[in-house]
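Chains as they are written, first to last, in the numbering used here: chain A, 81 to 127; chain B, 624 to 802; chain C, 47 to 564. Quick reminder that beta carbons are idealized off the backbone N, C-alpha and C, glycines included.
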Amino acid sequence: PLQKEHQCQFQMMESAYYHMPHPADSERVRHYLPRTPCQTPVYYHQT
Amino acid sequence: MVKDQFGMVGLLTFIRAAETDPNLVSLALGQDLTALGLNLNSPDNLYPTFGGPWAETPCRAQDIDFSVPPEYIINHSIRDKLAQLKLTRYKEDLLFFMYYTNAGDLLQLAAAAELYSREWRYHMEEKVWITQAPGCGVIEKTSTYERGTYYFFDAQNWRKVIKEFYLDYSKLENQPTLP
Amino acid sequence: YDDPPGLLEKTEYLLREWVNIYHSPQGAKDPNKAFSMFVHQMNCHGILKTDDLITRFFRLSTQMVVELCYRFLPDCTGTGATNTRNKMFHTVDAYVKLISLLVKHSGEANNSATKINLLNKVLGIVAGVLQQDHETHQTDFQQLPYQRIFIMLFLELNAREPILEAINFQLLTAYFHTLHILRPAKSPGFAYAWLELVSHRLFLGRMLGLTPQQKGWYMYAQLLIDLFKYLAPFLRNAELAKPVTVLYKGTLRVLLVLLHDFPEFLCDYHYGFCDVIPPNCIQMRNLILSAFPRNMRLPDPFTPNLKVDMLAEISNEPRVLTEFALMIQPASFKKDLDHYLKARTPVTFLSDLRSNLQISNEPGLRYNIPLMNALVLYVGHEAITYIRKKGLSPNMTTIAHSAHMDIFQNLAVDLDTEGRYLFLNAIANQLRYPNSHTHYFSCTLLYLFAEANTEAIQEQITRVLLERLIVNRPHPWGLLITFIELIKNPTYKFWNHEFVHCAPEIEKLFESVARSCM
Numbered sequence: 081p082l083q084k085e086h087q088c089q090f091q092m093m094e095s096a097y098y099h100m101p102h103p104a105d106s107e108r109v110r111h112y113l114p115r116t117p118c119q120t121p122v123y124y125h126q127t
Numbered sequence: 624m625v626k627d628q629f630g631m632v633g634l635l636t637f638i639r640a641a642e643t644d645p646n647l648v649s650l651a652l653g654q655d656l657t658a659l660g661l662n663l664n665s666p667d668n669l670y671p672t673f674g675g676p677w678a679e680t681p682c683r684a685q686d687i688d689f690s691v692p693p694e695y696i697i698n699h700s701i702r703d704k705l706a707q708l709k710l711t712r713y714k715e716d717l718l719f720f721m722y723y724t725n726a727g728d729l730l731q732l733a734a735a736a737e738l739y740s741r742e743w744r745y746h747m748e749e750k751v752w753i754t755q756a757p758g759c760g761v762i763e764k765t766s767t768y769e770r771g772t773y774y775f776f777d778a779q780n781w782r783k784v785i786k787e788f789y790l791d792y793s794k795l796e797n798q799p800t801l802p
Numbered sequence: 047y048d049d050p051p052g053l054l055e056k057t058e059y060l061l062r063e064w065v066n067i068y069h070s071p072q073g074a075k076d077p078n079k080a081f082s083m084f085v086h087q088m089n090c091h092g093i094l095k096t097d098d099l100i101t102r103f104f105r106l107s108t109q110m111v112v113e114l115c116y117r118f119l120p121d122c123t124g125t126g127a128t129n130t131r132n133k134m135f136h137t138v139d140a141y142v143k144l145i146s147l148l149v150k151h152s153g154e155a156n157n158s159a160t161k162i163n164l165l166n167k168v169l170g171i172v173a174g175v176l177q178q179d180h181e182t183h184q185t186d187f188q189q190l191p192y193q194r195i196f197i198m199l200f201l202e203l204n205a206r207e208p209i210l211e212a213i214n215f216q217l218l219t220a221y222f223h224t225l226h227i228l229r230p231a232k233s234p235g236f237a238y239a240w241l242e243l244v245s246h247r248l249f250l251g252r253m254l255g256l257t258p259q260q261k262g263w264y265m266y267a268q269l270l271i272d273l274f275k276y277l278a279p280f281l282r283n284a285e286l287a288k289p290v291t292v293l294y295k296g297t298l299r300v301l302l303v304l305l306h307d308f309p310e311f312l313c314d315y316h317y318g319f320c321d322v323i324p325p326n327c328i329q330m331r332n333l334i335l336s337a338f339p340r341n342m343r344l345p346d347p348f349t350p351n352l353k354v355d356m357l358a359e360i361s362n363e364p365r366v367l368t369e370f371a372l373m374i375q376p377a378s379f380k381k382d383l384d385h386y387l388k389a390r391t392p393v394t395f396l397s398d399l400r401s402n403l404q405i406s407n408e409p410g411l412r413y414n415i416p417l418m419n420a421l422v423l424y425v426g427h428e429a430i431t432y433i434r435k436k437g438l439s440p441n442m443t444t445i446a447h448s449a450h451m452d453i454f455q456n457l458a459v460d461l462d463t464e465g466r467y468l469f470l471n472a473i474a475n476q477l478r479y480p481n482s483h484t485h486y487f488s489c490t491l492l493y494l495f496a497e498a499n500t501e502a503i504q505e506q507i508t509r510v511l512l513e514r515l516i517v518n519r520p521h522p523w524g525l526l527i528t529f530i531e532l533i534k535n536p537t538y539k540f541w542n543h544e545f546v547h548c549a550p551e552i553e554k555l556f557e558s559v560a561r562s563c564m
């Protein structure tokens, strides 16, 4: 069983898990061609 | 034999659990590390295009900051005056460029939709774009397929190539829908 | 904070003024000119008059920028997210640019001390505001504004300019201290952003690739240890919660990049990493132990009649950049240990060993694992030196009948199943690429198997090896050659043991490995 301290840590991490870093958070703002990730069909080219 | 989890019986428990509940033993049996989106056989270093710990694919060229000469950067004073993106105005060449360099992005879908509207069709198995070749008629046509000579877009050599295809209509993508 | 009256209003006015300047065409055309005009304004408002006022200015500014982000964040979802992000970053990035210009232009051009002092101050202030916010907001804490400030400031200060190149190592050191202060165990709500920063391609490349003489390696190793220490309690459970799985998978990706691009780094720090990775985290540990120097060609472990002791590299001592000898505590125990290794007396040292290693009676937490790991590596290291001094090299004969082997055999016999499992793991953690440690500990494991006075010892040796082999790749070279020797060499009568045939799955596993060998 997790110790109390680790349970608190887990709660904080779990809440952060619901707003994970987005790739654009680490990139300069691109006004003209902003990055807009979206689910494309699996049969499209993925890389 | 050792009775607790520190002998062979303990290991056997994990092996048997893997059959019923793989999630329970994800640490003990591990996962396929070649399926984490990293090209582990790359002759080049991975870190310059590493997309980060949550990324399923490497960075695309446009995601990476390069220190370019200042004149290459869109100047502030004209930035807002630039015409907005309008795919209907672009030639096929640029549409294919946007499709192939924006994997996983809205732009890829938008380029696909525009190509569709220009009578290109995406073959979901061959993973190529195909269109009618002017002057080359269809040899055979039924309600489920057609056979004939068409153009397909060869992304490796970046040009349209003429080729005979047997087109099963169920393998051609319908009109792409934008979210 | 007892801010002087009016300072908050002044700060808000100046920050707003700067954001407008930064985004104006003039500001874009000539940022340095715009900056010097703005510094004049700061001077007129007396902000730069004292160190205390500068500190207050940055704290207030950081708090304002963070509050602005908190106001926008609820709209940062769905298709509107990109726009909302850009609105936030409109202010955050301007603030970062101001910081980077102040750092770059503080003091004389070649006076790196003032620049680095200011950078440390600002990073410390942002970290302080983050921790206070983390305390206040608890599960409503948002990492985004802080991650943005840290990463954009890092990008700005890593631009290819002579002034910045000259202070780059101090910049990395400043970031290392800040990230260590903000390590996940201290700010778990920042854990994902923290790993994003630590593994950012530019940070990773600077720390491990571009900084000369590997001066960044120690710092980066420390940050990874911070991460493993944080993950450890969550990974000890068999079933992983989703947030843990995501962080664990992210860690695997980072380690794969290191394995591919900087294997020597993993080789040098493997000991420190394996010391904090929980024993059941088998694949991640294998990944670290599988690293080998890029200029080395590993012979196929399945080569028939492979003569390991004939390999050129097998006598090379591997670099172990962790002070493992210092981990042997208390000092009195280390003194007794050294005495026994030298004099092979008193025999009571051996019977007292277990009590030195045991720290509680709680199942799963009975033993001091770092002490166990350090003891094994230290005794093995001393054994190799001792054998070499006699002009010999480690093999199944020369490792026997020595004070060093007394200790290993005593541990194998005297410990309970948990302790023995940890002890055998400490040995197996040395089975890596061809080097003198791999060779010595491979011989030791096989010797303990051959000389075992109970089948339980042999069963647990087999367990420790097999659990490392049935996991998905990669598998360390030293592990493979040891296991192949164990099942191939009739001296060990491996196939006669009951535990080899205890279940069809187990038997099938052994046979599949045996077939690969044949």
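According to DSSP, residues forming a beta bridge with residue i
i: C/L461; result: Partner(s): none; C/L461 has no beta bridge.
i: A/D105; result: DSSP, once it has assigned bridges, lists no residue as partnering A/D105.
i: B/G771; result: B/V761, B/F788
i: B/T754; result: B/Y774
Cβ neighbours of residue i in the same chain (closer than 7 Å, five flanking residues each side left out)
i: C/H485; result: V354, D355, I360, P440
i: C/L403; result: Y413, N414, L417, M418, G465
i: C/R312; result: For clarity, residue 312 of chain C is Leu in the given sequence; the question names Arg instead. Within the same chain, C/L312 has close Cβ partners L304, L305, I334, A337.
i: B/L710; result: L718, A733, A734, E737
i: C/G296; result: L241
i: C/S158; result: A212, I213, Q216
Residue i burial status per 10 Å Cβ neighbour count (16 or more: buried)
i: C/C90; result: exposed
i: C/A155; result: exposed
i: B/F689; result: exposed
i: C/C327; result: buried
i: C/D139; result: buried
i: C/C115; result: buried
i: A/C88; result: exposed
i: B/K750; result: exposed
i: C/W523; result: buried
i: B/V784; result: exposed
Euclidean distance between Cα positions of residue i and residue j
i: A/V109; j: B/P645; result: 41 Å
i: B/C682; j: C/G251; result: 15 Å
i: C/M418; j: C/G465; result: 9 Å
i: B/N797; j: C/V292; result: 35 Å
i: B/Q628; j: C/R509; result: 10 Å
i: C/L511; j: A/Q83; result: 30 Å
i: C/Q598; j: C/Q109; result: In the structure as shown, chain C begins at 47 and stops at 564. Residue 598 of chain C is therefore absent and cannot be evaluated.
i: C/F540; j: B/Q654; result: 29 Å
i: C/A560; j: C/P536; result: 13 Å
i: B/V625; j: C/Y432; result: 35 Å
i: C/P51; j: C/E58; result: 13 Å
i: C/Y467; j: C/L302; result: 27 Å
i: C/P230; j: B/K786; result: 57 Å
i: C/M134; j: A/R115; result: 16 Å
i: C/I473; j: C/M198; result: 44 Å
i: C/M265; j: C/P77; result: 34 Å
Neighbourhood of residue i by C-beta distance below 8 Å, restricted to the same chain and skipping five residues each side
i: B/E763; result: E769, R770, G771
i: C/M342; result: E359, Y479, P480
i: B/I697; result: L705
Below-7 Å beta-carbon distance, residue i vs any chain D residue
i: C/E531; result: Among the protein chains in the structure shown, which are A, B and C, there is no chain D.
Other residues of its chain near residue i: CB distance less than 6 Å, five sequence neighbours each side excluded
i: C/T245; result: Per the sequence presented here, residue 245 of chain C reads as Ser, with Thr not at that position. For C/S245, where only same-chain residues beyond five positions count, the Cβ hits under 6 Å are V300.
i: C/A239; result: Q189, Q193
i: C/L99; result: I93
i: B/V648; result: F637, A640, A641
Three or more C-beta pairs below 8 Å linking the region 342–357 of chain C and the region 525–540 of chain C: yes
The region 214–222 of chain C / the region 172–187 of chain C touching (three or more Cβ pairs under 8 Å): no
The region 446–462 of chain C / the region 388–407 of chain C touching (three or more Cβ pairs under 8 Å): yes
Three CB pairs or more closer than 8 Å across the region 137–155 of chain C and the region 57–68 of chain C: yes
Three-pair Cβ contact test at 8 Å for the region 360–372 of chain C versus the region 417–437 of chain C: yes
The region 377–387 of chain C / the region 446–453 of chain C touching (three or more Cβ pairs under 8 Å): yes
contact_flag[the region 280–290 of chain C, the region 254–262 of chain C] where n(CB pairs < 8 Å) is 3 or more: no
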